[in-house]
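Q:
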Amino acid sequence: MLRIVSANLNGIRSADKKGFFDWLSGIAADFVCVQELKAQAGDLSERMRAPDGMTGYFHYAEKKGYSGVGVYTRRQPDAVIEGLGVDWIDAEGRFLQLDFGNLSVVSLYLPSGSSSDERQQVKFQFLDVFMPHLEQLKAAGRDIVICGDWNIAHNEIDLKNWKGNLKNSGFLPEERAWMSDLLGRVGWCDVWRTLYPEQPGYSWWSNRGQAYAKDVGWRIDYHIVTPSLMALARSASVYKEEKFSDHAPLIVDYALELPA
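full-length UniProt numbering puts the first residue of the sequence shown at 1, with every later residue one more than the last.
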């Protein structure tokens with residue numbers, strides 16, 4: 001089995017203090033995709049760079065204490081692709097792809113639009129740029145997993161209070177239609193929802209009120225995969241026993257063996 005983890009850390013240094021890397025050392029992951037590093041290269045300890053025998057590859061944001069993604073791996077990648085080749089997107093450190101033979105592992109941190117109308121417009125612009133890239137990736141015929149915080153809850157089952165969020169970023173009709181297009185016309189697959197059609201699978205909870213305690217959550221962290229990889233997905237789980245961030249890690253096991 002190949003185990004791939006996605007985790008928005010909401011600050012890698014904060015998550016480290018909360019035990020994330022202690023937990024990581026015991027779960028036998030092959031790849032770990034992390035988002036929202038909120039750090040630069042010089043801020044990372046040796047453990048953050050290379051935990052538990054893994055090697056980390058990172059795409060940092062230019063702005064300090066902001067965004068950033070990474071992938072930890074036990075294998076030497078054939079290729080490392082930082083960013084989408086679009087300056088204003090890549091300055092925010094949102095996309096990192098590692099290739100291993102016919103497998104590509106991507107860590108993605110899609111923009112949030114919740115802080116302002118301006119950021120919502122940036123999010124829409126990102127979606128416009130990203131869709132053609134996703135179409136090209138799908139057409140390449142590779143086994144691809146895009147792990148990360150997509151900042152979109154696709155359907156009503158994907159958030160507890162969907163009626164109260166119909167006009168809020170993350171559940172806007174345009175965002176949901178974009179995700180439907182990705183999973184429909186383009187042909188990508190949502191691992192959790194395909195495996196578990198009736199389980200909400202929340203992965204993020206607001207820090208307001210008692211959202212976490214009452215499980216008033218959103219499912220915005222995904223493994224989005226090509227159909228060939230979806231056929232190999234065997235199980236998925238959201239780890240909530242410890243709290244490293246306002247997001248919980250999403251773990252998926254695939255019946256795939258990579259060449260030695």
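In this text, a Cβ means the ideal position worked out from N, Cα and C, and glycines have one as well.
#1: Taking only runs of the beta strand (DSSP E) that begin and end inside the segment 63-142, which ones reach a length of at least 3 residues, in chain order?
#2: Report the residue from Gly201, Arg185, Asp99 whose alpha carbon sits nearest the alpha carbon of Met131.
#3: Looking only at its own chain, which residues have a Cβ that is under 6 Å from the Cβ of Leu127, when we skip the five neighbours before and after it?
#4: Could you pull the start and end residues of the alpha helix (DSSP H) that Leu24 belongs to?
#5: Give me the residue from Leu183, Glu174, Ala248 with the minimum Cα distance to Phe20.
#6: Alpha carbon to alpha carbon, how far is Cys33 from Val69?
#7: Based on the DSSP secondary-structure assignment, which residues constitute the bridge partners of Gln35?
#8: With burial defined as no fewer than 16 other Cβ atoms inside 10 Å of the residue's Cβ, what is the status of Asn161: buried or exposed?
#9: Could you give the DSSP three-state label for Arg164: helix, strand or coil?
#10: Classify Ala50 as buried or exposed, calling it buried when 16 or more other Cβ atoms lie within 10 Å of its own Cβ.
#11: Terminal residues of the continuous alpha helix (DSSP H) containing Ala177?
A: According to the data block:
#1: 69-73, 79-82, 95-100, 103-109
#2: Arg185
#3: So the qualifying residues of the chain are Trp178.
#4: 20-24
#5: Ala248
#6: 8 Å
#7: BP columns for Gln35 point to Asn8, Val69.
#8: Using a 10 angstroms sphere on the CB of Asn161, the tally of other CB atoms stays under 16, which defines it as exposed.
#9: Residue 164 is actually Gly in this sequence, not Arg. Reduced to three states, the DSSP call for Gly164 is helix.
#10: An exposed status is given to Ala50, since fewer than 16 other beta-carbon atoms sit within 10 Å of its beta-carbon.
#11: 173-181
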